[in-house]
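Single-structure report; data block below.
In my numbering, the protein residues as written are 80 to 278.
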């Protein structure tokens, strides 16, 4: 009986999340897709949790079991945000599939880099999207036309660099060859000033 009720409440949560998400993205402003989906999941979780508390006397759960169920919903909402809207919003892999479809099913492998430089960047307004996300996250600030790291951004960049250089695969398959190129992608970057640094 408990499993059935938990399953029904979880189904209600999924339905509420779907409705809240669709209403949000169709009728309200969205600053960052991932954060928006997290907010939707939180609102949905709160709605179903509140409704569960109202009918708690009829539920076969004690308070602790209901709290665990709410945690499961919250984790499910987080998984939805990452594996749903954020994935489709950010996925270069899906872009490649859509672009191949748009171009009749095939693109010369030797021209894929051109597709990314000449089509992907402007079509998806990639720079604008990523700068907006970083501004909303508080990791950068734009002052007098100069994009600068905030203290939070500095900490995250240090953490990211540590994870990349120590915890990412050192033998990753790229273009048919196993390499550690992405463990330190700046290795081949030009050293010293390039000309676009802030003065």
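Heads up, the beta-carbon is just placed ideally off N, CA and C, and yes, glycines get one too.
#1: Within 10 angstroms of the Cβ of residue 96, are there 16 or more other Cβ atoms? Answer buried if so, exposed if not.
#2: Name the residue from 274, 217, 156, 100 whose alpha carbon lies nearest to the alpha carbon of residue 232.
#3: Please classify residue 164: is it buried, with 16 or more other beta-carbons within 10 angstroms of its beta-carbon, or exposed?
#4: In the DSSP assignment, find the beta strand (DSSP E) that holds residue 258 and state where it starts and stops.
#5: Measuring alpha carbon to alpha carbon, tell me which of 189, 140, 115, 118 ends up nearest residue 86.
#6: Which residue from 212, 240, 179, 274 puts its Cα closest to that of residue 113?
#7: Given residue 258, which residues of its chain have a CB within under 7 angstroms of its CB, disregarding the five upstream and five downstream residues?
#8: Between residue 219 and the rest of its own chain, which residues show a CB-CB distance below 8 angstroms, the 5 nearest in sequence each way excluded?
#9: Is the region 103-123 close to the region 149-165, with three or more CB pairs under 8 angstroms?
#10: Spell out a yes or no on whether the region 98-114 and the region 148-155 are touching, meaning 3 or more CB-CB pairs, one atom from each, closer than 8 angstroms.
#11: I need the straight-line Cα distance from residue 205 to residue 199, nearest angstrom please.
#12: So the alpha helix (DSSP H) residue 208 belongs to, where does it begin and stop?
To lay it out plainly:
#1: Answer is buried; the Cβ neighbour count reaches 16.
#2: Nearest C-alpha to residue 232: 217.
#3: buried
#4: 256-258
#5: 140
#6: 212
#7: 251
#8: 210, 213, 226, 227, 228, 229, 232
#9: Short answer: they touch.
#10: no
#11: CA-to-CA, the gap between residue 205 and residue 199 works out to about 8 angstroms.
#12: 205-216
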